[in-house]
Amino acid sequence: MQLRNKIDNDKTVSFKASVMKRDIKILLYFVLEKMLPSTHINDVTRERGLLIYVIVIGKSINIVQLISNAILHIARTNQDGLWFPSLIAALCGRADVHWDKSEELLHRKAPIDVGFIRRYYDPSIASSNYSSTPRPRAAWP
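Below is the structure:
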């Protein structure tokens, strides 16, 4: 399999997610949802590819440093959005932060569960029961 790398002005290297095996796509989904968020999943950056590789070969990861670097990076750029909303919501929950009843906490993507994994391995399930874009769901009442 040959991967086409693209290099832009910032020397960012990426490849298409479509060349990944299904098991690795599940890891990609987890990485994009929980560790290195992204607004699009079609391209896998060098950082995300390396993180997935490290997970696959069983190396340890300093996730605190990874999240800290990602938050500092987004704070220094002009990008909109809130990274790690699940982490922030969980930390607020631990700190007993009470949400107004009119506020609804949303997760962008569906949870990684048995149904999610089955959709990757059985195309008939994916096409008949689920849309390709999961709807946001409420986190807490």
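The numbering of the sequence shown is full-length UniProt numbering, which starts it at 1 and goes up by one.
Even for Gly, the Cβ is constructed at its ideal location relative to N, Cα and C.
All values reported here derive from a predicted model rather than from experimental measurement.
Burial state of residue i (16 or more Cβ within 10 Å)
{"i": "V31", "result": "buried"}
{"i": "R119", "result": "buried"}
{"i": "V44", "result": "buried"}
{"i": "C103", "result": "Residue identity differs from the one stated: residue 103 is Glu in this sequence, not Cys. Looking at its Cβ environment, which holds fewer than 16 other Cβ atoms inside 10 Å, E103 is exposed."}
Extent of the continuous beta strand (DSSP E) to which residue i belongs
{"i": "D23", "result": "Looking at the DSSP string, D23 is not in any beta strand (DSSP E); the run it does join, the alpha helix (DSSP H), is R22 to F30."}
Beta-carbon gap between residue i and residue j smaller than 7 Å
{"i": "L36", "j": "R48", "result": "yes"}
{"i": "I61", "j": "V54", "result": "yes"}
{"i": "I52", "j": "L72", "result": "no"}
Test: residue i CB closer than 7 Å to a CB of chain D
{"i": "S60", "result": "Structure shown: chain D not included; a single protein chain is present."}
Cut-off 7 Å between Cβ atoms - residues of its own chain near residue i, not counting five sequence neighbours on either side
{"i": "I117", "result": "I26"}
{"i": "A70", "result": "L36 and W83"}
{"i": "D23", "result": "none"}
{"i": "I74", "result": "W83"}
{"i": "Q79", "result": "none"}
Extent of the continuous alpha helix (DSSP H) to which residue i belongs
{"i": "S60", "result": "Unbroken run through S60: none, as it is neither H nor E."}
{"i": "S86", "result": "P85 to R94"}
Same chain only: Cβ atoms within 8 Å of residue i, ignoring 5 sequence neighbours per side
{"i": "M20", "result": "L28 and V44"}
{"i": "H98", "result": "none"}
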